[in-house]
Amino acid sequence: MAAVSAAGRLLLLSVLCVAVVAALLRRGEASVHEYHGLGFLNKGNAFILHAGGEGLYAPPVPPANATAEDDEDAGAAMADAFIRFDKITFRRPEDAAKETGSAMVQILVFEIEDREMIGGSAYGGQKAICCTSDLAKLGACTEGSVIYRPSQVNPGWPQLFVASFDGSDPVATLPSRIIPITKTGMYNMYFIHCDPSLAGLEIEGQTIWKNPTGYLPGRMAPLKNFFGLMSFAFVVLGIYWFYQYMKFWREVLPLQNCITLVITLGMLEMALWYFEYAEFNETGVRPKGITFWAVTFGTVKRTVARVIILIVSMGYGVVRPSLGGLTSKVVMLGGTFFLATEILELVENLGAVNDLSGKARLFLVYPVAILDAAFVVWIFISLAKTLDKLQARRSMAKLDIYRKFTIALAVTVLVSVGWIGYEIYFKSTDVFNERWQYAWIIPAFWHVLSFSLLCVISYLWAPSQNSMRFTYDASENFDREDSLSLIRPGPIASKNGWSLSSSPDTKTTKNITVSSFDGDDEENKRE
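Just so we're aligned: the sequence shown equals residues -30 to -1, 1 to 497 in mature numbering (1 follows the signal peptide of the UniProt record, and there is no 0).
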């Protein structure tokens, strides 16, 4: 009943998960950056909208210089890596159009190394993005335009485009055009206007970002091949496991059925991620159905794996036949972890390609981190108790496998803590994503680490002809010490008239205490 009530409480929490999924399915799509209902933020003397940022690789052979005036189809054929503007329009309120007259919105595209080329100041004061009257008097720029200086490293960059409102026209259109990419780097795009009268400006349209190998963003592109390799690795592990499973199917334990489930979920997760990335790379639009199931299978696998490790650490099926009153607590912890992880993964993978803001991501990461820590603490506390019981009963075969299991878990936790520290260092020292080409290693490592632990567990608990020796044996009576402490045996009469006792508190007539009935039998035999 406790487990059922815990499941009922989790059902209420699942409503939140469904709501989040429904909201995410309407959000932006990866390499195709769509703009609808987005507002400009006031930064200094400028109004800015970040239109996207992605790592782009230069093609092996740089294309001919396709300029903004080139025909769209011709430019696409010439450029293997590019940024394309597609039907971008700006609409201002009609009242503002009548009062203001002509105005313009500027589109600035630059590689992250050229960030210092953006903005300026007249006399060493605060840096401005829009040209001020003082800077205009110095001849450095035209008042009302974005300030930028040509890059000394990247000729022709940064690039600036303009969409103009003519007279009282409420709509300004940016012609479709292509920016070819000839240098590998992290590129950023901003829509900027310097006119406060354009408050309430609305934008419609999209931009398309492409790498030489497809539409996958640069920091995600290596993961496609990685998931292909992981799929192959899971197939190899699955072949080994299922061969052992079929060979010794009569000796299979419930725990080994759970491991079979985890391996199957792992194979499905890796295959789905590979096909998701392949489809994404071909179309530039994330296949949200495949992404949703890849995330869900992965979350189920991680939850089941943690619950299995926890109940194994408790000695379920080895030193105890059931979890008793702990079942509802295990179910509650596992269910809560599933919901928290599912929401985090869906937000990260079904949203736009741009990273979440730091505060929003931390709000979702903290619950998962706390629940993970709860699993770790509970697992090691349970392991310590189980090892003590096995040591006390001298169950050497079970003790040996549990010691190896404990070492594997301890190494995994230590490596995880070290990698978390490196991940924090990596992200805190790469504010502008300049090391984007190596960012894929961060998530890839976690997959490799979890797969390694699964391999160790599969080796330790592989089905064999001796599997049954690791199962719970009632004759071992691991809880016997606790039951004996509640019983105070009375004196036992011996054939020679002495009073014998198995309890240290019982005094005998001739101060003789017999602590072992076996020893007494041996003495009787010698007589």
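We put the beta carbon where it would ideally sit given N, CA and C, even for glycine.
Check your understanding: Say the cut is 7 Å; is the CB of D50 nearer than that to a heavy atom of the ligand MG?
Key -> Looking for the ligand MG in the displayed structure turns up nothing, as the structure carries no ligands at all.
Practice item. Report the option in L303, T356, F212 whose CA atom is closest to the CA atom of S428. Key: F212
Point to revise | Selected residue, minimal CA-CA separation from Q407, among L193, L430, L360, E239 | key: L193
Exercise for review: Please determine, among Y372, D139, M302, R363, the residue with the shortest C-alpha to C-alpha distance to S352.
Suggested key: Y372
Check your understanding: Can you list, in chain order, the residues of its chain whose CB lies under 8 Å from that of residue 549, leaving out five sequence neighbours each side?
Key -> Coverage of the chain is limited to positions -30 through 497, which leaves residue 549 absent and any answer about it impossible.
Exercise for review: Please state whether DSSP places Y392 in a helix, a strand or coil.
Suggested key: helix
Exercise for review: Can you grab the Cα-Cα spacing for the pair V289 / W431, in whole Å?
Suggested key: 16 Å
**Study point:** Cβ-based neighbour list, residue 498, same chain, cut-off 6 Å, excluding 5 preceding and 5 following
**Key:** An answer regarding residue 498 cannot be provided, because it is not within the stretch -30 to 497 covered by the chain.
Point to revise | Three-way DSSP call (helix, strand, coil) for K271 in this model | key: helix
**Study point:** Residue of E83, G304, Y185 minimising C-alpha distance to I279
**Key:** G304
Point to revise | Continuous beta strand (DSSP E) stretch holding M159: start and end | key: 155 to 163
Check your understanding: With which residues is Y5 paired in a DSSP beta bridge?
Key -> G175
Review point. Under a three-way DSSP split, which group does V123 fall into?
Key: coil
Check your understanding: In chain order, what residues of the same chain have a beta carbon less than 8 Å from the beta carbon of T183, not counting five sequence neighbours either side?
Key -> Y27, A191, N251
Review point. Quick one: what's M200 bridged to in DSSP?
Key: BP columns for M200 are empty, so no partner.
Practice item. Determine the DSSP secondary structure at S283, reduced to helix, strand or coil. Key: helix
Check your understanding: Taking the continuous alpha helix (DSSP H) assigned at Q226, which residues delimit it?
Key -> 224 to 253
Exercise for review: To the nearest angstrom, report how far apart V270 and D50 are at their CA atoms.
Suggested key: 39 Å
Review point. Which value, in whole angstroms, describes the spacing of the CA atoms of C111 and W127?
Key: 17 Å
Check your understanding: By Cβ distance below 6 Å, which residues in the same chain neighbour M284 in space, the five residues on each side in sequence not counted?
Key -> S352
Review point. Rounded to a whole number of angstroms, what is the C-alpha to C-alpha distance between F262 and R85?
Key: 36 Å
Practice item. Please look up how many angstroms separate the CB atoms of I99 and G114, rounded, as I've assumed it's under 8 Å. Key: Contact flag wrong, Cβ pair sits at about 11 Å.
Check your understanding: So, using beta-carbon positions, are A142 and V79 closer together than 8 Å?
Key -> no
Point to revise | Rounded straight-line distance, which links the Cα of V123 to that of L199 | key: 38 Å
Check your understanding: Near S386, what residues of its chain come up, given a Cβ to Cβ distance below 6 Å and the 5 sequence neighbours on each side ignored?
Key -> none
Review point. Do M237 and G23 have their CB atoms nearer than 8 Å?
Key: no
Review point. Buried or exposed: where does R364 fall if 16 or more other Cβ atoms within 10 Å of its Cβ makes it buried?
Key: exposed
Point to revise | Assumed close pair residue 501, N403 - CB separation to whole angstroms, cut-off 8 Å | key: The chain is shown from -30 up to 497; residue 501 falls before or after that span and cannot be answered.
Check your understanding: For A73, does the count of other Cβ atoms within 10 angstroms reach 16, so buried, or fall short, so exposed?
Key -> buried
Practice item. Might you give, ordered along the chain, the residues of its own chain that have their beta carbon closer than 6 Å to the beta carbon of S121, omitting 5 neighbours on each side? Key: D84, M87, W127
**Study point:** Candidates K97, S91, Q96, of which the one nearest G109 by Cα
**Key:** S91
Exercise for review: Just tell me which of Q435, D342, S201, D136 has its CA closest to the CA of A241.
Suggested key: S201
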